[in-house]
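Chemist: Each protein sequence line maps, in turn, to chains A and B. The first sequence begins at 60 in my numbering and counts up one residue at a time. The second sequence begins at 209 in my numbering and counts up one residue at a time. Think of the CB as a built atom: it goes at the ideal place given N, C-alpha and C, for glycine as much as any other residue.
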Amino acid sequence: MATEAEGGGLVFHPMDQFIVKPVFGDGAVGMFTFTNMALWLLLAVVCVIALMVLGTSKRATVPSRIQSVAELAYGFIYKMVEDVTGKDAVKYFPYIFTLFMFIVFSNFLALIPTSFSPTSHIAVTAVLGFGVFIAVTVLGFVKNGAGFLGLFWVASAPLALRPILAIIELISYFVRPVSHSIRLAGNIMAGHAVLKVFAGFAAITAVAPLSILGITAIFALEVLVGFIQAYVFTILTCVYLKDALHPSH
Amino acid sequence: MSESDPKQRLKELEARIAAAKGVEKDKPHQEEHYSQAQHAWRMVIELVSGLGIGFGVGYGLDALLGTRPWLMVLFALLGFAAGINVMIRTAKELQGQKLAEMAGEDERDRHGDGS
C-alpha cells in the first residue's frame with residue numbers, strides 16, 4: 060500500500076502509482092527495460108486483439124456476446140467518422156478506430172486495482188496526440204498542396220494585420236495536439252490520484268466507511284471518465300481530420 | 209405462403225427495429241449532462257496551452273537571438289491571443305451543435321404532433 064498511518068499522522072503518496080518501474084528485478088530503467096508501463100500497454104493491445112480478432116473469429120450471423128460487443132464498438136465509431144468527417148473520410152476509419160480501442164482499453168484496464176495506468180503519462184498521450192497531428196498535417200498538404208497554408212492566412216483581415224494573425228493562427232494550430240494530449244493524461248491522472256487520496260483516509264477507522272463510499276463513487280465516475288475521454292479524443296481526431304480535408308473555416 | 213411469410217416477418221422486424229431505435233434516440237441527451245464539464249475542461253486547457261506554447265516559442269527565440277526578454281513578452285501575448293482564438297472557435301462549434309440539436313428536437317416534436 061502506498062499509504063499508512065505513522066504515529067497518528069496520515070501519509071499520502073497519491074502519485075507513487077505513476078512511477079515507471081521495471082517488472083523483472085529492480086534497477087535503473089533503460090531504453091529497453093520491460094517496465095510496468097510496457098506491460099500494461101501490451102495488455103491493452105492483447106485485449107483489443109482478443110475482442111476484435113478472437114471475438115469475431117466465428118463470424119456468426121447471430122453474434123455471441125463478445126462478437127456483439129465488437130460489432131457495437133465498430134458501428135459506434137464508424138457512424139461517428141461518417142457523421143463528423145463525412146463519407147469521403149471513411150478510408151481513415153481504421154486509424155481512428157485503432158486509437159479509440161487502444162485508449163478505451165488502457166483506460167479501463169487502468170481501473171483494475173493495483174494496475175498501472177499508461178494513459179496517465181503525458182509521454183503516451185503526447186505520442187498519440189502528435190501522431191494524429193502529424194498525420195492530419197501531412198494529409199492536409201497532400202490533399203490541398205500549398206493551399207493548405209491558406210489556413211493561416213486570414214484573407215478577410217486588413218493586409219497589415221495578416222502577418223500577426225498568421226502567427227496567432229499558427230500557434231492556434233499547435234494548441235490542438237497539446238490540449239488534445241494534456242486533457243487525456245490530466246483527466247486519468249487526476250482521477251487516479253483522487254482515488255489514492257480517498258484510500259489514504261481509510262487508515263483512520265472512524266472515517267473508513269465514508270472513505271470506502273467515496274472510493275466507490277469516484278470509481279464509478281472514473282469508469283465514465285475513462286470512456287468519455289476516449290470518446291472525446293476520437294471525436295476531436297475526426298474534427299481535425301475534417302479540417303485537413305476541407306480547410307475552409 | 210411460404211414465400212411471402214418471411215418477407216412479411218422481415219418487414220415487421222425492420223419496423224420494430226426502427227421503433228426501438230427511435231426510442232433510444234433520447235438517450236444521448238442524458239449523457240450530454242455528464243460530459244458538460246468536459247467542454248469546460250477543453251476550453252481551459254486550450255487557453256492555457258496557447259499561453260504556454262507562446263511563452264515557449266518566445267523563450268526559445270530569445271535564447272537564440274539574445275533579445276531576452278522582449279520576444280518572450282511578445283510571443284506570450286500572441287500565444288494568449290491564440291488560446292482565446294481556439295477557445296472562441298470551440299465555443300462556436302458547441303453553439304452550432306446545440307442549435308442543430310434544438311432544431312432537430314423541434315422537428316421531432318412537430319412530427320410527433322402531426323402523426
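In this structure, how does DSSP classify L170/A when only helix, strand and coil are distinguished?
Modeler: Coil at L170/A, not helix or strand.
Chemist: Taking only beta-carbon atoms, is G291/B less than 9 Å away from chain A?
Modeler: Yes, its Cβ sits closer than 9 Å to a Cβ of chain A.
Chemist: Among the residues of its own chain, which have a CB less than 6 Å from the CB of F175/A, if the five just before and after it don't count?
Modeler: So the list reads N95, W99, once near-sequence residues are dropped.
Chemist: Counting Cβ pairs closer than 8 Å, one from the region 229–242 of chain A and one from the region 291–298 of chain B, do we hit at least three?
Modeler: Touching, yes.
Chemist: Within 9 Å (strictly less), CB to CB, does E254/B reach chain A?
Modeler: Cβ-Cβ to chain A under 9 Å: yes for E254/B.
Chemist: Alpha carbon to alpha carbon, how far is K229/B from I181/A? Give it in angstroms, no decimals.
Modeler: Going by the C-alpha atoms only, they are around 39 Å apart.
Chemist: Do we get a CB-CB distance below 9 Å when we pair V298/A with the residues of chain B?
Modeler: At least one chain B Cβ lies under 9 Å of V298/A.
Chemist: Quick one: grab the DSSP three-state call for T350/A.
Modeler: Given that chain A is displayed from residue 60 to residue 308, the structure contains no residue 350/A and the question cannot be resolved.
Chemist: Going by C-alpha distance, which of A214/A, C106/A, A148/A is nearest S165/A?
Modeler: Nearest C-alpha to S165/A: C106/A.
Chemist: According to DSSP, what are the bridge partners of P73/A?
Modeler: DSSP output for P73/A lists no bridge partner at all.
Chemist: DSSP three-state call for P236/A: helix, strand or coil?
Modeler: Three-state result, P236/A: helix.
Chemist: Is there at least one Cβ from chain B nearer than 9 Å to H305/A's Cβ?
Modeler: Chain B contact via Cβ: absent.
Chemist: If we ignore side chains and look at the alpha-carbon of each, how far apart do F211/A and S257/B end up?
Modeler: The straight-line gap from Cα to Cα measures roughly 19 Å.
Chemist: Pick helix, strand or coil for P177/A, following the three-state DSSP scheme.
Modeler: In the structure shown, P177/A sits in a helix (DSSP, three-state: H, G or I).
Chemist: Looking at I227/A and L286/B, is the spacing between their C-beta atoms short of 9 Å?
Modeler: Cβ distance < 9 Å, so L286/B and I227/A count as in contact.
Chemist: Distance check for G134/A and L223/A, CA to CA, integer angstroms please.
Modeler: In the sequence as displayed, the identity of residue 223/A is Ile instead of Leu. Cα to Cα, I223/A sits roughly 44 Å from G134/A.
Chemist: Expressed to the nearest angstrom, what Euclidean distance is found between the alpha-carbon atoms of G266/B and D142/A?
Modeler: If I take the Cα positions, the gap works out to 39 Å.
Chemist: Considering S311/A, what are the terminal residues of the alpha helix (DSSP H) in which it resides?
Modeler: Since the first and last residues shown for chain A are 60 and 308, residue 311/A lies out of range.
Chemist: Roughly how many angstroms lie between the CA atoms of F186/A and K219/B, to the nearest whole one?
Modeler: One detail in the question is off: residue 186/A reads as Val in this sequence, not Phe. For V186/A and K219/B, the distance between alpha carbons rounds to 48 Å.
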